[in-house]
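A short write-up of the structure that comes next.
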Amino acid sequence: MTSAEQKQATIVTMFGVKEFSEDPLTTDRKDLIDYNSKLLQLSSEVDHLITDQHRMNAKYINIARFVREAADPKSSTATESTTAAQGISPAFALFSQQMSQYNHSGENSLVAIEKAKTKIDRLDSRIKTLRADLTDRDRAHALLTHYEVKTTGLQKKYQEKVENGNKSESAKENLDRNLVKFREAQENCDRLDRSVKKDITNILGNRQNDVGEIVEALSRYFASTVTQNEGCVEALTQAIPNMVAKLSIPSTSTTLEATPVVEASAVVIPKVQTPQSAIITQKGVELSTEEHATEPLLPRDDTPETKYANEVRTAPVSGLGYGD
């Protein structure tokens with residue numbers, strides 16, 4: 003490599019390759035860069051969507067678990083729990099089933115969205131390859147310009163020597179050698195021009211078809227998130243709300259009944275004849291026959307306590323367990 007070529011290579015390495023002037027593909031190149039930029043933005047959003055879907059799949063299971071445990075402290079933490087403990091509303095187990103379905107459908111939906119991501123990546127790879135080819139083309143045109151300028155100078159110097167009668171063989175060889183390099187650079191530019199023009203026309207011309215394939219894959223993803231969970235609609239909108247509504251109705255088995263207030267003026271204590279054998283006498287103290295006859299029993303309110311008390315009051319003394 004000559005010193006001039008080394009200098010050109012150093013410039014390319016340090017400062018990159020500048021687009022050559024009067025490029026007929028200038029407008030197409032701007033469109034390609036804009037197209038590539040939009041695809042990168044789309045790719046980033048799809049990446050976020052995939053990440054969010056993975057997170058949501060885990061959230062469904064966590065939500066189901068915490069709902070069950072909040073409603074029933076004794077609830078199993080099994081993710082596929084489908085039964086409710088005795089005394090616990092089946093709404094929680096049914097809700098858990100729906101969340102499990104959303105988890106499964108979310109995992110299945112990832113297949114569709116990952117297909118969309120694959121299509122984006124392939125298209126992005128094609129554009130990156132084309133942009134690399136465009137850079138090679140710029141480099142080739144820069145080299146062509148270099149040899150064009152160089153051969154023009156060598157041609158002028160050699161012509162001056164010939165006109166002065168100095169036929170320098172070394173000058174002639176140097177000119178011929180650079181003319182060969184100039185022609186090679188020109189052929190390389192022509193080849194790259196044809197190849198790049200074909201590729202850029204193909205990519206920009208088919209952008210709707212290529213993006214359409216991405217949209218198709220995304221459409222299948224979004225549709226799958228709905229169709230796979232159609233069976234959950236009835237449970238989430240009707241069955242579970244109905245079960246929850248019943249929870250607000252107090253159970254009759256647990257309802258506390260108010261104790262009725264008994265007014266003293268409304269109670270009539272009947273007179274009963276106490277059996278003589280049930281009267282405990284004390285020496286020196288005797289009750290009259292009238293007092294014996296009018297000794298009242300406890301109020302008859304049909305409770306076990308009053309029934310027992312009345313039985314005791316009317317039972318024979320021997321039956322009460324008193325000793326002689």
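Everything in the sequence shown is counted per this note's numbering, starting at 3 for the first residue and increasing by one.
Cβ coordinates follow ideal geometry from the N, Cα and C atoms, glycine included.
Just so it is clear, the structure is predicted and the values come from calculations on it, not from any experiment.
How about the segment 61-72 and the segment 26-44: do they share at least three Cβ pairs that are nearer than 8 Å? Taking one beta carbon from each stretch, the segment 61-72 and the segment 26-44 have fewer than 3 pairs nearer than 8 Å; the two do not touch.
Look at the alpha carbon of asparagine 176 and the alpha carbon of asparagine 166, and state the distance between them as a whole number of angstroms. Here the question's residue 176 lines up with position 174 in the sequence shown. Here the question's residue 166 lines up with position 164 in the sequence shown. Near 18 Å, if we compare the C-alpha coordinates of asparagine 166 and asparagine 176.
Beta-carbon contacts of alanine 142 that lie in its chain and below 8 Å, excluding the five residues immediately before and after: Against the sequence shown, residue 142 aligns to sequence position 140. Correct list, in chain order: Ala187, Asn190, Cys191, Leu194.
Three-state secondary structure (DSSP) at serine 77? For this step, residue 77 is matched to residue 75 along the sequence shown. Residue state, collapsed to three classes: coil.
Leaving out five residues on either side along the sequence, give the residues of the same chain with a beta carbon under 8 Å from the beta carbon of lysine 169. For the purposes of this step, residue 169 is identified with residue 167 of the sequence shown, where counting begins at 1. Only Lys163 meet the Cβ criterion.
Neighbourhood of asparagine 244 by C-beta, 6 Å cutoff - its chain only, sequence neighbours within 5 removed: Within the sequence shown, the letter at position 242 stands for residue 244. Within the same chain, asparagine 244 has no close Cβ partners at all.
Is the beta carbon of phenylalanine 22 closer than 7 Å to that of aspartate 126? Taking the first residue of the sequence shown as position 1, residue 126 is located at position 124. Taking the first residue of the sequence shown as position 1, residue 22 is located at position 20. Contact flag unset, no.
Contacting residues, own chain, Cβ-Cβ under 6 Å from aspartate 135 (five flanking each side not counted): Residue numbering aside, residue 135 sits at position 133 when the sequence shown is read from its first letter. Excluding residues up to 5 positions away in sequence, Val198 lie with their Cβ nearer than 6 Å to the Cβ of aspartate 135 in the same chain.
Arginine 133 to alanine 72, Cα distance in whole Å? Numbered from its first residue, the sequence shown carries residue 133 at position 131. Numbered from its first residue, the sequence shown carries residue 72 at position 70. Straight-line Cα distance between these residues: approximately 58 Å.
Rounding to the nearest angstrom, what Cα-Cα distance links serine 77 and cysteine 234 in this structure? As a working mapping, residue 77 is identified with position 75 in the sequence shown. As a working mapping, residue 234 is identified with position 232 in the sequence shown. Between serine 77 and cysteine 234, the C-alpha separation is close to 23 Å.
Have a look at threonine 29 and arginine 128 and give me their C-alpha separation to the nearest angstrom. Here residue 29 refers to the residue found at position 27 when the sequence shown is read from its first residue. Here residue 128 refers to the residue found at position 126 when the sequence shown is read from its first residue. Using only the alpha carbons, I get a separation of about 19 Å.
Just confirm the distance between the C-beta atoms of glutamine 100 and leucine 249, as a whole number of angstroms; I'd bet it's less than 8 Å. The residue you call residue 100 lines up with position 98 of the sequence shown. The residue you call residue 249 lines up with position 247 of the sequence shown. With 8 Å as the limit, glutamine 100 and leucine 249 do not qualify as a contact, their Cβ atoms being about 18 Å apart.
Rounded to the nearest angstrom, what separates lysine 20 and aspartate 138 at their Cα positions? On the sequence shown, residue 20 is found 18 positions in, with the first residue counted as 1. On the sequence shown, residue 138 is found 136 positions in, with the first residue counted as 1. One Cα belongs to lysine 20, the other to aspartate 138, and the distance between them is close to 11 Å.
Could you check if leucine 42 is buried or exposed, using at least 16 other CB atoms within 10 Å of its CB as the buried criterion? Within the sequence shown, the letter at position 40 stands for residue 42. By the 10 Å Cβ count, leucine 42 comes out exposed.
Between the Cα of arginine 222 and the Cα atoms of Arg179, Arg196, Ala114, His50, which residue gives the shortest distance? The residue you call residue 222 lines up with position 220 of the sequence shown. It is Ala114 whose Cα lies nearest to the Cα of arginine 222.
Asparagine 105 and asparagine 59 look like a contact to me (Cβ under 8 Å); what is the Cβ gap, rounded to whole Å? On the sequence shown, residue 105 is found 103 positions in, with the first residue counted as 1. On the sequence shown, residue 59 is found 57 positions in, with the first residue counted as 1. Taking a contact as a CB-CB distance under 8 Å, the pair asparagine 105 and asparagine 59 counts as one, their CB atoms being some 5 Å apart.
Closest by CA to isoleucine 205, which one among Lys130, Thr147, Phe94, His50? On the sequence shown, position 203 is the one that residue 205 refers to. The shortest Cα separation from isoleucine 205 among Lys130, Thr147, Phe94, His50 belongs to Lys130.
For serine 226, three-class secondary structure by DSSP: Here residue 226 refers to the residue found at position 224 of the sequence shown. The answer is helix: DSSP assigns serine 226 an H, G or I state.
Is isoleucine 90 helix, strand or coil by DSSP? Position 88 of the sequence shown, counted from the first residue, corresponds to residue 90. It is coil, neither helix nor strand.
At what residues does the alpha helix (DSSP H) containing serine 197 begin and finish? Counted from its first residue, the sequence shown places residue 197 at position 195. Judged by DSSP secondary structure, serine 197 falls within the alpha helix (DSSP H) whose first and last residues are 171-207.
C-alpha gap between isoleucine 63 and serine 107, whole angstroms: Here residue 63 is taken as the residue at index 61 of the sequence shown, counted from 1. Here residue 107 is taken as the residue at index 105 of the sequence shown, counted from 1. Cα atoms of isoleucine 63 and serine 107: separation of roughly 12 Å, rounded to the nearest angstrom.
Express the C-alpha separation of threonine 229 and phenylalanine 94 in angstroms, rounding to a whole number. Counted from its first residue, the sequence shown places residue 94 at position 92. Counted from its first residue, the sequence shown places residue 229 at position 227. If you draw a straight line from the Cα of phenylalanine 94 to the Cα of threonine 229, it is about 23 Å long.
I need the straight-line Cα distance from leucine 27 to lysine 200, nearest angstrom please. One-based indexing of the sequence shown puts residue 27 at position 25. One-based indexing of the sequence shown puts residue 200 at position 198. Here the alpha carbon of leucine 27 sits roughly 11 Å from the alpha carbon of lysine 200.
Rounded to the nearest angstrom, what separates isoleucine 381 and phenylalanine 224 at their Cα positions? Outside the displayed range of the chain (3 to 326) lies residue 381, so it cannot be described from this structure.
So alanine 173 and tyrosine 160 are supposed to be a Cβ contact under 8 Å. How far apart are they, rounded? Position 171 of the sequence shown, counted from the first residue, corresponds to residue 173. Position 158 of the sequence shown, counted from the first residue, corresponds to residue 160. The pair is a contact, with the Cβ atoms about 5 Å apart (cut-off 8 Å).
DSSP state of aspartate 36 mapped onto helix, strand, coil: Taking the first residue of the sequence shown as position 1, residue 36 is located at position 34. Secondary structure at aspartate 36: helix, using DSSP grouped into helix, strand and coil.
Looking only at C-alpha atoms, which of Gln157, Arg124, Phe97 sits nearest to glutamate 215? Counted from its first residue, the sequence shown places residue 215 at position 213. Selected option, being the one with the closest Cα: Arg124.
In terms of alpha-carbon separation, which member of Gln157, Lys32, Lys119, Asn180 lies closest to tyrosine 149? Taking the sequence shown and counting its residues from 1, the one referred to as residue 149 is at position 147. From the listed residues Gln157, Lys32, Lys119, Asn180, the smallest Cα separation to tyrosine 149 is found for Asn180.
Can you give me the start and stop residues for the alpha helix (DSSP H) that lysine 248 sits inside? For the purposes of this step, residue 248 is identified with residue 246 of the sequence shown, where counting begins at 1. It spans 242-249 - the alpha helix (DSSP H) in which lysine 248 sits, taken as one unbroken run.
Beta-carbon within less than 7 Å of glutamine 157's beta-carbon, same chain only, minus the 5 sequence neighbours each way: which residues are those? Counting from 1 along the sequence shown, the entry for residue 157 is found at position 155. Counting only Cβ-Cβ distances below 7 Å, and skipping sequence neighbours, we find Leu177.
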